[in-house]
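Participant:
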Amino acid sequence: MVPTAFREILVMTRPWLPYAPLAALVFAAAMYVRVLGYDATPLWLDEAWRANFVLDPNWLANTFDGSSSFATITSFAYGGLNRFFAFCESSSRALRLTSLLPSILAVLLTLFVVSRLSGSRMLGISAAIAAALNLTYIQYAKEFKPYSFELFLHVAVIAIALLYIDALKRASPPGRTLRALMLGAGPLAAICGPNSVFILPGYYLIILLAEVKVHPRIPIALFASGAVTLALLAAQYLLVWSGAGHDGLLSYWQANFYTEDAGSRASWIAQRYKEMVESAFQARPSLAVAGPQGVVSPDVYQRLAAILRPAWLVALMVGLFASAAQIRNKPELFLLLALPLLGLTVANALWLWPLGAVRPNVFAYFYVSALAFVGLAAIPNVWWRGCISAAILLWYGVLHFPDDATYFATQATPPRQEVTAALVSVANRLPNRCDDRVLLLTTSASSHAVQFYTQQDTRYDRRAAARLIRCTEIRGIPVEAYSDPEGFVSRTREVMGTYYEAWIVWTHLNEAETLKMLQALSGVGWVSEAQTYPGAGWMRLELVRAPAPTSPPRNRQDQLERAPR
């Protein structure tokens, strides 16, 4: 079976050998911008809770009990992949590999998919460069979230379908390896995330059409694969995903990303797609040059951008319309690229999916971009197609690419919340002998990070972590001062109990919210020390001890002796 798989890979890659240097260049660019600043920041709130969720020994039980919305956005396959990498090394560096590696592979698969659907390898390379330098892709490649993994899932499913269709068209039947991959792709995609429902219908339909066209018989194995996929989707909906409806995660997303003044639902959806297009082709951040009195003066890059950006957006729209015109003759273009976007649009019109939230829709950026690049192949003149490809390379290679490489190391990264530095600082201020444990309070946002770095991360300062575990009693304050000051004060008093001193570690607060927390703490005690870091900090809270009770005077003489003089 292994030699057969190697032969299949050789057959598939042979036509690409002349383009190998360009493909290698795209791969190098994708890796370069993603590795810069990789794991440069500690896990922030949205990463830390997921790390604790998937590394919990009762992860599967917690997924099925329906008590947490975390399970609805952490698929079985992604959670299993996280646990595998954590088994090798339990650290933020290892966990974030589950975003970095899929993001790079998605760029290479984009090259293949667009080349195959457009019939132009240069357009495929152009599309891959666009994916390699997409700032949204770059940021989520460094963040411990499933969005890069889901992007890879969609492009990989399309690539498998196209490889299988091409194998069917050849004289020899598809090999066992490719057939097993085709049959297993559906069930595997079903457990990789809820948004797999947008690609799976087109995937099975296009393979069914190809099978019937080549072999006029009922493909029993394909129907069996589809039945297993449908059963897995239904089971996950009943046991896990349905918890996101009603007052759950979907309601939260809709309330935060759609407002009544946004206009009609149709115009709002159109605006979201417009944002996708613009974010894929934005100019590099360093284009603006500060002039006198803060006036922004244009430079040569801005002038070129002013010319190329409208031209490229026009070409993009031409490509999208051209793709629509080709759909009749290319069913895979409709079923694999247009149908997922159509399903996404319908789901949003029915309030079943949060199109306004960028993160759950990173996969949709691929469909918009791929349709545009494939549509450009409809231009009959090869010279014009070459000019467009050159313009794309110029846009991304010169204008879109920041001239300051530190941008990728400092800006295109997850939010900076230095809770690790805050914890080390607190640990260093604890007494050497832990005769009496002190109280360490965590805000609702910092509790996840504190739990991960003190209990899970094997690369974190183990001396500081051990000291915090040995010398402190960690308790949470599940109320934020900026949203409910009175509840924060009462809850703080409650969790402090008999303690007259507490260390408070916070994250995910801006300056105004931190000030509100300080004001609220004045109703509990006084802050004797404090230190802030980017996105995090600590405070030392002390209470005024009540005076020791005295026995009442026994007689008049006793009263006189105790009276102040």
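Going by this note's numbering, the letters in the sequence shown line up with residues 9 to 573, in that order.
Glycine included, each C-beta is placed from N, C-alpha and C at the ideal position.
Measure the C-alpha to C-alpha separation of Ile-482 and Val-248 and round it to an integer number of angstroms.
Facilitator: Straight-line Cα distance between these residues: approximately 31 Å.
Participant: Quick one: measure Cβ to Cβ for Ala-430 and Tyr-266, integer angstroms, because I've assumed they're closer than 8 Å.
Facilitator: Contact doesn't hold; Cβ gap of about 36 Å is too wide.
Participant: Would you be able to state if there are at least three C-beta pairs under 8 Å between the region 183–192 and the region 345–359?
Facilitator: Taking 8 Å as the limit for Cβ pairs, the verdict is that the region 183–192 does not touch the region 345–359.
Participant: State whether the region 505–516 contacts the region 425–439, with contact taken as three or more CB pairs (one from each stretch) at a distance under 8 Å.
Facilitator: The region 505–516, when compared against the region 425–439, does touch it at the 8 Å Cβ threshold.
Participant: Can you name the start and end residues of the alpha helix (DSSP H) that Glu-521 belongs to?
Facilitator: Start and end: 519–529.
Participant: Please tell me whether Ala-38 and Val-115 are closer than 7 Å, where the distance is taken between their beta carbons.
Facilitator: Their beta carbons are under 7 Å apart, which means Ala-38 touches Val-115 by this criterion.
Participant: What first and last residue would you give for the beta strand (DSSP E) that runs through Trp-534?
Facilitator: Note, Trp-534: beta strand (DSSP E), 534–541.
Participant: May I have the straight-line CA-CA distance separating Ala-32 from Trp-392, to the nearest angstrom?
Facilitator: Distance between the alpha carbons of Ala-32 and Trp-392: 25 Å.
Participant: Note down, in chain order, each residue of its chain lying with its Cβ closer than 6 Å to the Cβ of Pro-110, except the 5 sequence neighbours on either side.
Facilitator: Hits under 6 Å: Ser-156, Phe-157, Phe-160.
Participant: Compute the Euclidean distance between the alpha carbons of Pro-224 and Ala-232, then round it to the nearest angstrom.
Facilitator: Those two C-alpha atoms are separated by around 18 Å.
Participant: Could you tell me which residues DSSP puts in a beta bridge with Thr-451?
Facilitator: Answer by DSSP bridge pairing, in chain order: Ile-485.
Participant: Measuring alpha carbon to alpha carbon, tell me which of Leu-208, Glu-519, Phe-93, Ala-243 ends up nearest Gly-234.
Facilitator: Residue Leu-208 is the option with its Cα nearest to Gly-234.
Participant: Between which two residues does the alpha helix (DSSP H) holding Ala-385 run?
Facilitator: Counting along the chain, Ala-385 falls outside any alpha helix (DSSP H), and DSSP gives it neither H nor E.
Participant: Helix, strand or coil, according to DSSP, for Leu-349 in the structure here?
Facilitator: Leu-349 falls in the helix class under three-state DSSP.
Participant: Going along the chain, which residues of its own chain have a beta-carbon closer than 8 Å to the beta-carbon of Arg-573, five neighbours each way excluded?
Facilitator: Its pLDDT being 38, under 50, Arg-573 is placed unreliably by the model, and the measurement read from it follows with that caveat. Within the same chain, Arg-573 has no close Cβ partners at all.
Participant: Tell me whether Gly-194 is buried or exposed, calling it buried when 16 or more other Cβ atoms sit within 10 Å of its Cβ.
Facilitator: When all chains shown are included, Gly-194 counts as buried.
Participant: Measuring straight from C-alpha to C-alpha, what distance separates Trp-67 and Lys-221?
Facilitator: Whole-angstrom Cα-Cα distance: 45 Å.
Participant: Taking three-plus beta-carbon pairs below 8 Å as touching, is the region 77–84 in contact with the region 96–107?
Facilitator: Because the criterion of three Cβ pairs below 8 Å is not met, the region 77–84 and the region 96–107 do not touch.
Participant: On the criterion of 16 or more Cβ atoms from any shown chain inside 10 Å, does Pro-348 qualify as buried, or is it exposed?
Facilitator: With 16 or more other Cβ atoms within 10 Å, it is buried.
Participant: Between Leu-89, Asn-389, Ala-453, which lies nearest to Ala-544 when the distance is taken from Cα to Cα?
Facilitator: The shortest Cα separation from Ala-544 among Leu-89, Asn-389, Ala-453 belongs to Ala-453.
Participant: Name the residue from Gly-495, Ile-226, Phe-206, Gly-201 whose alpha carbon lies nearest to the alpha carbon of Ala-243.
Facilitator: The option with the nearest alpha carbon to Ala-243 is Gly-201.
Participant: Return helix, strand or coil for Gly-299, following the three-state DSSP convention.
Facilitator: Confidence at Gly-299 is low in this model, with a pLDDT of 41, below 50, so the placement of that residue should be treated as unreliable; the coordinate-derived value is given next. Three-state result, Gly-299: coil.
Participant: If you run the structure through DSSP and keep just helix, strand and coil, what is Ala-28?
Facilitator: If DSSP states are grouped into helix, strand and coil, Ala-28 belongs with the helices.
Participant: Mind checking Cys-442: buried by the 16 CB within 10 Å criterion, or exposed?
Facilitator: Exposed.
Participant: If you follow the alpha helix (DSSP H) that Glu-151 is part of, which residue opens it and which one closes it?
Facilitator: Careful: Glu-151 lies outside any alpha helix (DSSP H) and carries neither H nor E.
Participant: Over what stretch of residues does the beta strand (DSSP E) that includes Gln-548 continue unbroken?
Facilitator: In the sequence as presented, Gln is not what sits at residue 548; that position holds Arg. Residues 544–550.
Participant: Compare the Cα-Cα distances from Ile-277 to each of Ser-455, Leu-238, Asn-369, Gly-364 and report the closest residue.
Facilitator: The candidate whose alpha carbon is nearest that of Ile-277 is Gly-364.
Participant: From the DSSP secondary-structure annotation, give me the bridge partner or partners of Glu-509.
Facilitator: Answer by DSSP bridge pairing, in chain order: Glu-550.
Participant: With H, G and I counted as helix, E and B as strand and the rest as coil, what does DSSP make of Trp-361?
Facilitator: Here Trp-361 sits in coil by DSSP.
Participant: Compute the distance between the beta-carbons of Tyr-375 and Leu-447, then report whether it is under 7 Å.
Facilitator: Against a cut-off of 7 Å, the Cβ pair of Leu-447 and Tyr-375 comes out as no contact.
Participant: Quick one: residues in its chain with C-beta nearer than 6 Å to the C-beta of Glu-219, no 5 flanking neighbours on either side, listed in chain order?
Facilitator: If we look at Glu-219 and ignore the five residues flanking it on each side, its Cβ neighbours are Pro-227.
Participant: Verify whether the separation of the beta carbon atoms of Pro-422 and Trp-52 is less than 7 Å.
Facilitator: Going by C-beta atoms, Pro-422 is nearer than 7 Å to Trp-52.
Participant: Counting along the chain, where does the alpha helix (DSSP H) carrying Glu-494 start and finish?
Facilitator: From DSSP, the alpha helix (DSSP H) with Glu-494 extends over 493–504.
Participant: Is the shortest distance between the beta-carbon of Arg-501 and the beta-carbons of chain B less than 7 Å?
Facilitator: Any reference to chain B falls outside this structure, which holds one protein chain only.
Participant: Closest by CA to Gln-464, which one among Gly-45, Cys-96, Tyr-40, Ala-69?
Facilitator: With distances taken between Cα atoms, Gln-464 lies closest to Cys-96.
Participant: Below 7 Å CB to CB, which residues in the same chain sit around Arg-475 once its five sequence neighbours on both sides are set aside?
Facilitator: Only Ala-435, Leu-438 meet the Cβ criterion.
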